[in-house]
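Residue numbers (the UniProt record's numbering), protein chains in the order written: chain S, 1 to 325; chain X, 1 to 325.
What follows is the structure in structure tokens.
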């Protein structure tokens with residue numbers, strides 16, 4: 001069996017250069033890379049990450065646990081995390097939990113056995129911290145899991161404030177808030193607190209309704225929206241806790257003959273791609289998802305290198321005005 | 001350092017049972033799993049997948065290469081592949097190539113170094129087969145990469161036939177087809193051939209326009225759609241090569257005051273979640289994505305076990321009628 005040294009000799013370069021390319025760190029020219037690949041092919045050399053990881057006692061994998069990859073918000077999270085993980089020469093082990101605590105714990109077992117450099121979790125929160133045992137840094141994004149696990153979130157309270165102020169400035173007299181699921185993402189509840197405080201200060205009547213786990217996974221909120229509109233009259237502004245709900249509010253209003261934005265104004269949350277594809281385009285609270293994901297990956301790498309990282313990080317949000325208001 | 005044997009002894013069970021749980025294969029009761037986790041924690045035992053993979057010369061990773069994780073179609077692919085990979089006790093290494101050939105080749109280097117059990121590729125096709133060297137089975141889904149790489153697709157030709165026949169049956173007199181990108185996915189071109197053949201047989205005038213790589217990555221097709229409607233008059237039915245284009249045709253028709261389905265009928269492709277969320281809901285050609293992904297994962301595992309697998313597999317498609325027709 002041929003070795004790394006054989007490959008380097010055949011190319012007339014140092015072992016360090018070959019190793020640099022295989023580890024995806026440091027600069028190696030495209031020409032040299034091509035030469036190395038050719039030599040590896042001819043010598044039938046197979047690099048062995050496992051031997052390396054075995055000796056280092058640490059792999060270059062980073063685990064990401066999300067509830068679902070097909071959710072329009074989480075698919076963006078996956079895309080960004082994968083980008084930054086790969087940019088830093090690490091590889092992404094993707095785990096989708098379907099919100100099953102049992103499955104999440106099993107994923108932690110698997111990630112631990114694979115000696116990941118760290119785990120980014122953007123999924124279920126209920127007691128998961130009490131059930132996991134892993135010798136690698138964990139960071140949560142978009143939600144706070146426990147005091148012991150560092151978290152990176154956007155400013156959810158401010159998001160709620162911006163949404164309520166915008167709807168009131170646009171002339172709304174009675175507001176509603178549809179939350180994603182207060183049970184699943186406690187930090188996002190601050191969106192409601194911000195919204196509520198503005199309504200109370202300004203003397204604007206408001207109602208709130210909460211979607212459940214089932215709606216979250218299926219991305220179908222029609223029953224919750226219809227119930228809200230059936231039970232409460234006079235609502236002329238709705239702030240939804242994600243853009244997927246906002247899109248469905250538009251569809252239901254259209255079916256009920258309620259004109260947007262004349263009779264109903266809508267503010268979503270997240271600013272996923274759907275907001276500009278949809279008709280009308282959706283006013284929303286933009287999370288700096290790119291910053292959050294970049295920061296999460298860098299924090300995991302810093303932590304894996306035993307550097308200190310902050311326990312709580314909050315990124316600002318902005319209101320993006322579009323056709324629904 | 002404690003061993004697997006110590007854990008088994010502490011639990012009063014066999015090493016095989018502990019190993020079964022760690023590998024995620026075969027049945028282990030929840031009660032026993034809990035006991036094993038507790039013992040591992042107390043003994044500070046860390047299973048080492050690397051040692052195992054090193055001795056087996058093969059890991060339990062399966063690589064998946066897609067152009068983007070945030071594309072509304074590919075996020076569904078990722079979700080399903082991850083589900084089946086994890087169901088079979090394997091783990092998913094996710095690679096998003098952004099359609100860069102260079103990045104795809106680098107991912108193959110990485111997957112090779114990590115001794116993956118196999119690679120599922122649903123991305124760029126141009127000459128990738130000439131540049132890769134990996135000692136593991138490769139399967140392509142949704143596209144045919146080369147004669148040497150087995151592929152699993154849906155019946156794209158039949159999809160085009162169904163779409164054209166449906167639009168004609170609904171009374172359309174002049175049809176258009178907007179393709180995703182003929183350059184990127186050659187097998188999907190058959191959608192156009194099926195569509196064209198029906199139009200020609202039935203004497204229905206038709207035009208075709210092609211979106212590019214840029215539109216595919218950004219999921220923004222407005223310029224292509226507007227150009228089509230500006231350059232051709234009398235079009236009353238459009239068949240789009242994916243549902244994202246169909247959604248944007250709806251938005252543009254609405255802005256232009258063209259009524260759907262009265263003045264314009266639309267048939268999309270794929271049946272992604274957007275079809276039923278959108279207003280109006282989108283008639284589409286449903287791909288059996290679940291079957292395709294399940295079959296792909298099982299084929300990789302069979303191939304990794306040196307079993308024979310077919311070189312070409314085609315799953316049927318169905319037309320799902322909704323409000324756009």
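Where is the CB? At the ideal position from N, CA and C, for every residue including glycine.
### Query
By the criterion of Cβ-Cβ separation under 7 Å, what are the contact partners of residue 75/X in chain S?
69, 70 and 75
### Task
Output the boundary residues of the beta strand (DSSP E) element that contains residue 265/X.
265-270
### Query
Bridge partners of residue 120/S, per DSSP?
64/S and 139/S
### Task
Consider the Cβ of residue 31/X: report whether some Cβ of chain S lies at a distance smaller than 8 Å.
no
### Query
So, is the C-beta of residue 306/S closer than 8 Å to a C-beta in chain X?
no
### Message
On the DSSP letters alone, give me the boundaries of the beta strand (DSSP E) that residue 252/X sits inside.
### Response
Careful: residue 252/X lies outside any beta strand (DSSP E), inside the alpha helix (DSSP H) at 243-255.
### Task
Drop a sphere of 10 angstroms on the beta-carbon of residue 233/S, count the other beta-carbons inside from all chains shown, and report buried for 16 or more, exposed for fewer.
exposed
### Task
Provide the residue span of the alpha helix (DSSP H) that contains residue 217/X, from first to last.
213-218
### Query
In three-state terms, what does DSSP make of residue 208/S?
strand
### Task
Specify, as a first and last residue, the run of the alpha helix (DSSP H) that residue 274/S falls within.
274-277
### Task
Tell whether a beta-carbon distance below 8 Å holds between residue 79/X and residue 86/S.
no
#### Entry: Residue span of the beta strand (DSSP E) that contains residue 287/X, given as start and end
283-287
### Task
Examine the Cβ distances between the region 270-278 of chain S and the region 244-252 of chain S and report whether three or more of them are shorter than 8 Å.
The answer is yes - the region 244-252 of chain S touches the region 270-278 of chain S, with three or more Cβ pairs under 8 Å.
### Message
Residues of chain X with CB closer than 9 Å to the CB of residue 323/S, please, in chain order.
### Response
Within chain X, no residue comes near residue 323/S; the closest Cβ sits about 10 Å away, beyond 9 Å.
### Query
At which residues does the beta strand (DSSP E) containing residue 99/X begin and terminate?
Per DSSP, residue 99/X lies in no beta strand (DSSP E) and is assigned neither H nor E.
### Message
Would residue 83/X pass as an interface residue toward chain S - the criterion being a Cβ-Cβ separation below 8 Å?
### Response
yes
### Query
Around the Cβ of residue 82/S, are there at least 16 other Cβ atoms within 10 angstroms (buried) or fewer (exposed)?
Counting the other Cβ atoms within 10 Å of the Cβ of residue 82/S gives 16 or more, which makes it buried.
### Query
Taking Cβ-Cβ distances shorter than 7 Å, what residues in chain X pair up with residue 248/S?
277
### Message
Are there any heavy atoms of the ligand ZN lying less than 7 Å away from the beta-carbon of residue 288/X, as far as the coordinates show?
### Response
The model on display carries no ligand, and the ligand ZN is accordingly not part of it.
### Task
Kindly say whether residue 113/X, judged by its beta-carbon, lies nearer than 8 Å to any beta-carbon of chain S.
Answer yes: the Cβ-Cβ gap between residue 113/X and chain S drops below 8 Å somewhere.
### Query
Should residue 60/X be labelled buried (16 or more other beta-carbon atoms within 10 Å of its own) or exposed?
buried
### Task
Give the secondary structure of residue 293/X by DSSP, where H, G and I count as helix, E and B as strand, and everything else as coil.
In the structure shown, residue 293/X sits in a helix (DSSP, three-state: H, G or I).
### Query
Count the other CB atoms within 10 Å of the CB of residue 230/S; is the residue buried (16 or more) or exposed (fewer)?
exposed
### Message
Using a Cβ-Cβ cutoff of less than 8 Å, which residues in the same chain neighbour residue 304/S once the five nearest sequence positions on both sides are dropped?
### Response
Answer for residue 304/S: 58, 117, 118, 136 and 137, listed in chain order.
### Task
Use the C-beta contact count for residue 211/S: other C-beta atoms within 10 angstroms, 16 or more gives buried, fewer gives exposed.
buried
### Query
Since residue 91/X contacts residue 110/S with CB under 8 Å, what's their CB separation in whole angstroms?
6 Å
### Task
With residue 177/S as the anchor, note down where its beta strand (DSSP E) starts and where it stops.
That run of the beta strand (DSSP E) goes 175-179.
### Message
Can you pull the chain S neighbours of residue 254/X, defined as C-beta to C-beta under 7 Å?
### Response
279
### Task
Report the rounded CA-to-CA distance for residue 238/X versus residue 197/S, giving the unit in angstroms.
48 Å
### Message
So, does the region 153-161 of chain X touch the region 293-303 of chain X, judging by three or more C-beta pairs under 8 Å?
### Response
The region 153-161 of chain X is not in contact with the region 293-303 of chain X.
### Query
For a contact meaning CB atoms closer than 9 Å, what does residue 251/X contact in chain S?
Going along chain S in sequence order, the residues near residue 251/X (Cβ under 9 Å) are 277, 278, 279, 280 and 281.
#### Entry: From 22/S, 96/S and 64/S, residue whose alpha carbon lies closest to that of residue 89/S
Ranking the options by Cα distance to residue 89/S, first place goes to 22/S.
### Query
Given residue 193/X, which residues of its chain have a CB within under 8 Å of its CB, disregarding the five upstream and five downstream residues?
For residue 193/X, where only same-chain residues beyond five positions count, the Cβ hits under 8 Å are 157 and 160.
### Message
Please state whether the Cβ-Cβ distance between residue 331/X and residue 65/X is less than 8 Å.
### Response
This structure cannot settle anything about residue 331/X, because the visible part of chain X is limited to 1 through 325.
### Task
Could you list the residues in the region 133-162 of chain S with a C-beta less than 8 Å from some C-beta on chain X, going in chain order?
133 and 135
### Query
For chain X, is any of its Cβ atoms less than 8 Å away from the one on residue 79/S?
yes
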